[in-house]
Amino acid sequence: MSDYDYVIQTEALSKRYGRKLALDRLDLRIPRGRIHAIVGANGAGKSTLFRILLGFLAPSAGSARILGRDSGQLRPQDRSRIGFVNEEHTLPGWMTVAAVIDMHRRQYPRWNHAAFDGVLGHYHVLPEQKVGQLSRGERAGFNLALALAQGPELLVLDEPTLGLDVVAKRAFLESLLYSNASEDCTVVYCSHQMEEIERVADNLIILERGQLKNMSAPDDFRARVSHWVADIPFKGPDPNTVPGLLQVQRLDGLHHYLVLDQDEDFAGFLRSCGARSVQSMPVSLDRAVNGFLAKNHATPAQAADARA
Ligand SMILES: Nc1ncnc2c1ncn2[C@@H]1O[C@H](COP(=O)(O)OP(=O)(O)OP(=O)(O)O)[C@@H](O)[C@H]1O
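In my numbering, each residue carries its 1-based index in the sequence shown increased by 1.
This is the structure:
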């Protein structure tokens with residue numbers, strides 16, 4: 002693939018805030034087209050990555066390119082090819098909806114009013130309302146409509162549904178999925194809401210402590226994680242010896258193991274540890290991702306070590 006085929010390309014990208022390494026030699030290539038979800042625990046470096054990509058923050062080392070251009074050198078015409086929606090939905094609260102639309106229409110040469118109407122039609126927003134009077138969900142929808150109507154090649158959504166109720170979240174996702182405008186654009190969607198990721202994403206990118214840990218179809222990642230239930234009469238094996246272990250729990254006398262990249266041989270391992278019965282079952286994407294992220298989450302002891 003040539004550089005043009007990637008909407009986002011970072012090489013050995015690092016960002017240090019004092020003693021904190023937020024991005025750690027990150028190599029990330031996001032191909033053009035489709036919906037890419039970025040997930041990671043709190044503090045994994047997602048917002049830092051977006052701030053660098055959009056040219057608001059300089060990297061400490063390495064490089065970041067967006068739509069083929071160095072992110073530190075974006076020109077207004079490059080920015081107009083990128084739509085950005087974050088959870089703050091920052092628009093001037095004192096302006097009316099109609100005035101904001103007018104401003105955007107003049108600012109973006111590729112303005113597509115049909116696309117705008119297609120998204121905003123999901124919300125009961127009136128042109129004479131002030132932006133500050135809109136509900137959170139309406140503001141999120143208004144922001145999405147503005148971003149899609151500018152005809153972006155790349156749409157970056159950073160936790161766009163944070164704080165929205167279930168109904169507003171659904172309206173947001175439907176307006177994104179069923180908008181014709183989103184067909185021609187690459188969407189990078191950052192969220193902690195796994196049911197949203199499952200619904201919209203073609204590609205699942207997992208970041209952990211500023212490093213890339215996974216890039217695959219969500220279903221492929223889910224298939225890497227399995228849940229095993231074993232009836233082991235004793236204490237069970239030392240967790241350090243359990244291959245691919247993400248989580249272990251003892252419930253109702255049974256051992257539950259969540260493991261990564263294990264096949265049928267894992268049943269043999271459990272039997273060799275004294276299991277009288279072994280059963281495996283598939284897991285949801287939510288469980289797979291959260292089990293994976295929880296494994297390396299800082300424990301209070303680790304956090305205390307880091308402070309020392
Ligand atoms: N301005 C800053 N000064 C110091 N440390 C910072 C600053 N901004 C971010 N960090 C640290 O960098 C790390 C990455 O933060 P970042 O906001 O990029 O994570 P995130 O993945 O977006 O998290 P969340 O999901 O909680 O929004 C965190 O450990 C955070 O404490």
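Where is the CB? At the ideal position from N, CA and C, for every residue including glycine.
This one's a predicted model, so the numbers in the text were calculated from it and none came from an experiment.
Is the CB-CB distance between Phe267 and Pro244 below 8 angstroms? Position 266 of the sequence shown, counted from the start, is the residue given in the question as residue 267. Position 243 of the sequence shown, counted from the start, is the residue given in the question as residue 244. When the beta-carbon positions are compared, Phe267 and Pro244 come within less than 8 angstroms of each other.
Please state the DSSP three-state secondary structure of Leu174. Numbered from 1 along the sequence shown, position 173 holds the residue referred to as residue 174. DSSP places Leu174 in helix when its eight states are reduced to three.
Any idea what DSSP makes of Gly245, helix, strand or coil? For the purposes of this step, residue 245 is taken as residue 244 along the sequence shown, with counting starting at 1. It is coil, neither helix nor strand.
Ala150 bridges to which residues according to DSSP? Taking the sequence shown and counting its residues from 1, one reaches residue 150 at position 149. Bridge partners of Ala150: none, in fact.
Quick one: complete beta strand (DSSP E) runs, 3+ long, within the segment 24 to 101? 36 to 40, 62 to 67 and 83 to 87
Val120 to Gly152, Cα distance in whole Å? Here residue 120 is taken as the residue at index 119 of the sequence shown, counted from 1. Here residue 152 is taken as the residue at index 151 of the sequence shown, counted from 1. Taking the straight line joining both Cα atoms gives about 13 angstroms.
Residues bridged to Leu14 [DSSP beta-bridge criterion]: Numbered from 1 along the sequence shown, position 13 holds the residue referred to as residue 14. According to DSSP, Leu14 bridges with Leu27.
Would Asn204 be called buried (16 or more neighbouring beta carbons within 10 Å of its own) or exposed? Translated into positions along the sequence shown, residue 204 becomes position 203. Asn204 is buried by the Cβ-count criterion.
Does the Cβ-Cβ distance between Pro238 and Cys274 come in under 8 angstroms? As a first step, residue 238 must be located in the sequence shown, where it is residue number 237. As a first step, residue 274 must be located in the sequence shown, where it is residue number 273. Their beta carbons are under 8 angstroms apart, which means Pro238 touches Cys274 by this criterion.
Measuring only the C-alpha atoms, how far is Val279 from Val168? By one-based count along the sequence shown, residue 279 stands at place 278. By one-based count along the sequence shown, residue 168 stands at place 167. Computed Cα separation, rounded: 41 angstroms.
Opening and closing residue of the alpha helix (DSSP H) in which Ala266 lies: Locating residue 266 in the sequence shown gives position 265, counting from the first residue. With the sequence shown as reference, residue 266 is identified as Asp, and Ala is not the correct amino acid for it. Element bounds for Asp266: Asp266 to Ser273.
Is the separation between the beta-carbon of Thr49 and that of Leu29 shorter than 8 angstroms? Walking along the sequence shown from the start, residue 49 turns up at place 48. Walking along the sequence shown from the start, residue 29 turns up at place 28. Cβ distance not < 8 angstroms, so Thr49 and Leu29 don't count as in contact.
Determine the extent of the alpha helix (DSSP H) in which Lys214 is found, giving its start and end residues. For the purposes of this step, residue 214 is taken as residue 213 along the sequence shown, with counting starting at 1. Counting along the chain, Lys214 falls outside any alpha helix (DSSP H), though it belongs to the beta strand (DSSP E) covering Gln212 to Ser217.
With a threshold of 7 angstroms (Cβ to nearest heavy atom), would Asn291 be considered close to ligand 1? Within the sequence shown, numbered from 1, the residue matching residue 291 stands at position 290. Outside the cutoff, so no.
Three-way DSSP call (helix, strand, coil) for Gln250 in this model: If you number the sequence shown from 1, residue 250 lands on position 249. Three-state result, Gln250: strand.
Distance, Cα to Cα, Leu261 vs Ala100? Within the sequence shown, numbered from 1, the residue matching residue 261 stands at position 260. Within the sequence shown, numbered from 1, the residue matching residue 100 stands at position 99. Spanning the two alpha carbons is a distance of roughly 52 angstroms.
For my contact list, Pro97 and Glu139 are in at a C-beta cut-off of 8 angstroms; report their separation, rounded to the angstrom. Here residue 97 is taken as the residue at index 96 of the sequence shown, counted from 1. Here residue 139 is taken as the residue at index 138 of the sequence shown, counted from 1. One point to set straight first is that residue 97 is Thr, not Pro, in the sequence displayed. Thr97 to Glu139, Cβ: 13 angstroms. No contact.
Mapping the DSSP letters down to three states, classify Leu259 as helix, strand or coil. As a first step, residue 259 must be located in the sequence shown, where it is residue number 258. Leu259: strand per DSSP, three-state reduction.
Suppose the cutoff is 6 angstroms on Cβ atoms and the five residues either side in sequence are ignored; what does the same chain contact list for Phe85 look like? Here residue 85 corresponds to residue number 84 of the sequence shown, with the count starting at 1. Once the five neighbours on either side are set aside, the close Cβ partners of Phe85 are Val157.
Residues that DSSP places opposite Ile9 in a beta bridge: Taking the sequence shown and counting its residues from 1, the one referred to as residue 9 is at position 8. In the DSSP output, where bridge partners are listed per residue, Ile9 has Ile31 and Ile67.
When you compare only the Cα positions, how much space is there between His105 and Glu196? Translated into the one-based positions of the sequence shown, residue 105 becomes position 104. Translated into the one-based positions of the sequence shown, residue 196 becomes position 195. Cα to Cα, the separation comes out at about 32 angstroms.
Rounded to the nearest angstrom, what separates Gly69 and Ile53 at their Cα positions? Along the sequence shown, one-based indexing puts residue 69 at 68. Along the sequence shown, one-based indexing puts residue 53 at 52. Roughly 14 angstroms separates the two Cα atoms.
Considering only C-alpha positions, which residue in the set Arg82, Asp159, Lys47 and Leu24 is nearest to Thr91? Walking along the sequence shown from the start, residue 91 turns up at place 90. The shortest Cα separation from Thr91 among Arg82, Asp159, Lys47 and Leu24 belongs to Asp159.
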